[in-house]
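Chains as they are written, first to last, in this note's numbering: chain Z, 3 to 121; chain H, 2 to 115.
Yeah, the Cβ is synthetic: ideal placement off N, Cα and C, and Gly gets one too.
Shown next, in structure tokens, is the structure this report addresses.
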């Protein structure tokens, strides 16, 4: 149980184009999902908190107009990198918080990540 | 906000030996501490977690200890195996308030040598 999937697993795009990454909780419902960014040999950096049915909460320094987040259902959140540039190349990872266990613990289950390369 | 420090950044052990990774946190209100294992090119996988009302938790070869007074917690892996080689991250979180965020340590690259 507690499986989170991401699609695509990797993507290469041209500078100036937009890329959408999907995050799904496969066997549980998640009112809250999180989007992280990770550079090589570094820790995970929280970009934003995605809440089902409401606007995402962005961390300081993260451009909300560049990284569009939509959380339309209890099992799906999407991150769209708009007008991507080479400096946006990174490993993007989502996580989901189990709604059932939310009152007991705050376990976050992570997806496998999406490697974005912008040429 | 919360600040989590993790040591060492790299750790090399012989197969069968034990490995210990230590983390300290700054926010005394943090009360949930998970540990994640991340293999190259993959997302982090939860391996064990502990809440602040418990001092120690064990799951087969993995154990976590928590000292709330000193605000530090540690991951212990016994009888290490080559497949334990990965990057390990500790994290701290407040179950109420705190914006529902996990604050991660900087990671430890564990290498188990044959």
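- In chain order, 45 make up the part of chain Z whose C-beta sits under 7 Å from the C-beta of residue 107(H).
- In this structure, the alpha-carbon of residue 58(H) lies about 23 Å from that of residue 113(H).
- Residue pairing by DSSP places residue 60(H) opposite 63(H) in a beta bridge.
- Here DSSP, grouped into helix, strand and coil, assigns residue 88(Z) to helix.
- Using a Cβ-Cβ cut-off of 7 Å, residue 110(Z) is close to 103 of chain H, given in chain order.
- Of all residues in the segment 64 to 93 of chain Z, only 93 come within less than 9 Å of chain H when Cβ atoms are compared, listed by chain position.
- Residue burial annotation: residue 4(H) is exposed, with fewer than 16 other C-beta atoms found within 10 angstroms of its C-beta.
- Look at the beta carbons and you see the segment 17 to 31 of chain H touching the segment 74 to 86 of chain H: at least three pairs across the two are nearer than 8 Å.
- In the DSSP assignment, the residues bridged to residue 35(H) are 50(H).
- The C-beta of residue 17(H) comes no closer than 8 Å to any C-beta of chain Z.
- Residue contact check for residue 10(Z) against chain H: no CB pair falls below 8 Å.
- The DSSP-derived three-state label of residue 65(Z) is coil.
- With respect to chain Z, the C-beta atom of residue 44(H) has a partner C-beta closer than 8 Å.
- By the C-beta density criterion, residue 60(H) is exposed, having fewer than 16 other C-beta atoms within 10 angstroms.
- At a Cβ-Cβ threshold of 8 Å, residue 99(Z) and residue 12(Z) do not count as neighbours.
- Secondary structure of residue 84(H) (DSSP, three-state): helix.
- Proximity of residue 74(H) to chain Z, defined by a Cβ-Cβ separation below 8 Å, is not satisfied.
- Taking residue 54(H) as reference, the option from 67(H), 35(H) and 36(H) with the minimal CA-CA separation is 67(H).
- Cα atoms of residue 31(Z) and residue 89(Z): separation of roughly 33 Å, rounded to the nearest angstrom.
- Among the bridge pairs identified by DSSP, residue 26(Z) is matched with 7(Z) and 78(Z).
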